[in-house]
Amino acid sequence: MIKKNIFPAWGIACLVLSAFSPLMARALDSYDAALDKVKAMQAKADPVKQKNRTKNLVNLKLRLEALKKGQDVNAGDDMTWSALAWAAYVGDKEIFDYLLSKGANPRRTDQYGISVFMRAAEGGNMDIVKYLVEECKCDPNEKDREYGITALMRATTCRRHGVVNYLLEKKASVRFRDKGGRNVLAYAAEGRNMDDMEMLVARGADLNVTDKEGRTLLMQASEKGNLEMVRYLVGKGAKVKARTKYGKTALIFAAEGGYLDVVGYLVDQGADIKARNKWGDSVLDIKTVDPAVKTYLRSRLKAK
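In terms of mature numbering (1 follows the signal peptide of the UniProt record, and there is no 0), the sequence shown is residues -27 to -1, 1 to 277.
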């Protein structure tokens, strides 16, 4: 059963503050005005290059239409997102402020415990993120209930560099792990976010952290064929010969994906072609490994 959100007294104070802010003085005055703005944004969005943005605007438009028809301002859609969450994700402060003036709860979470603040971090809107942290006192280290993912992890995956910098300034921790054991660097690797990787490492994020399966960041980057990330991680001290609890290595992950460039680099850095997994198979014995990669690895063994 999904619990209803309880709106605390300090949350009400947050709304009162927003009602008298200079930003609110310029706010929209009706759902029709908000809908017109969304339609204008849709018209400007390139349907090919901005496919995701167009889709997100459609979702915001549907929520606003439902509110216009009398639905509770804090109700969720089929994805359990409120209109305020969509406005935060799309990144429109004016619509966000209007929804606050209509009683939208800035502390609302969906059925997975993902908050409006986390959606704002994903969307990359600094004005909304700052408002939620500085006015509503949202915790920069807040985690969702279902997966234990922080706002910093979400912003890092989505390459929201400004939000990442801001959250770090607000003492967001780089050491937290989600419920699967992954840290913020794993999310940077997933999002191919090299721009923030260096900064996160400098802040103390662990390059050799493992998830519950024993998978390292290097394994994840190898599995995706991300040579740039692989080079970076190895250069910073990632363990090339590390194994999962099943004995799987970064080399095996890369070989299964057919990433010959990554395979070659890992071998050059000391990856063991003869290393065997829990079942006694080397990379050359595993059926899921690309045949071309096996041929290459055999040639490397003969050359030694």
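Here a beta-carbon is modelled for each residue, glycine too, at the ideal position from N, C-alpha and C. Because the structure is a prediction, the values reported are computed rather than measured.
Check                                                                                                                                                                               : Outcome
Taking 9 Å as the cut-off, decide whether the C-beta atoms of Ala178 and Val157 are in contact.                                                                                     : yes
Kindly identify the DSSP beta-bridge partner or partners of Ser88.                                                                                                                  : Thr82
Is the beta carbon of Arg92 closer than 9 Å to that of Ala61?                                                                                                                       : yes
Determine the DSSP secondary structure at Arg216, reduced to helix, strand or coil.                                                                                                 : strand
Measure the alpha-carbon distance for Met99 versus Val136 and round it to whole angstroms.                                                                                          : 6 Å
With the cut-off set at 9 Å, would you say Ser272 and Leu239 are in Cβ contact?                                                                                                     : no
Which term fits Met126, buried or exposed, when burial requires 16 or more other beta carbons within 10 angstroms of its beta carbon?                                               : buried
Since Tyr85 and Glu119 should fall inside the 8 Å C-beta cutoff, what is the C-beta to C-beta distance between them, to a whole number of angstroms?                                : 4 Å
Would you decide whether Ser3 is buried or exposed? Buried here means 16 or more other CB atoms lie within 10 Å of its CB.                                                          : exposed
Kindly list the residues whose CB is nearer than 8 Å to the CB of Leu257, restricted to its own chain and excluding five residues on each side of it in sequence; keep chain order. : Ile246, Lys267, Leu270, Arg271
Along the alpha helix (DSSP H) that carries Ile101, what are the first and last residues, could you check?                                                                          : 99 to 107
DSSP three-state call for Thr261: helix, strand or coil?                                                                                                                            : coil
Please list, in chain order, all residues of the same chain as Ala174 whose beta carbon is under 8 Å from its beta carbon, the five residues on each side excluded.                 : Here the sequence assigns Val to residue 174, which means Ala is not the residue at that position. Within the same chain, Val174 has close Cβ partners Leu158, Leu180, Lys209.
Taking the beta carbon of Glu186 as the centre, do at least 16 other beta carbons fall within 10 Å, making it buried, or is it exposed?                                             : exposed
Could you give the C-beta distance for Gly198 and Ala227, rounded to a whole number, given that I count them as a contact under 8 Å?                                                : 7 Å
Can you tell me whether Leu219 is buried or exposed, with buried defined as 16 or more other CB within 10 angstroms of its CB?                                                      : Strictly speaking, residue 219 in this sequence is Tyr, with Leu absent from that position. Its Cβ having fewer than 16 others within 10 Å, Tyr219 is exposed.
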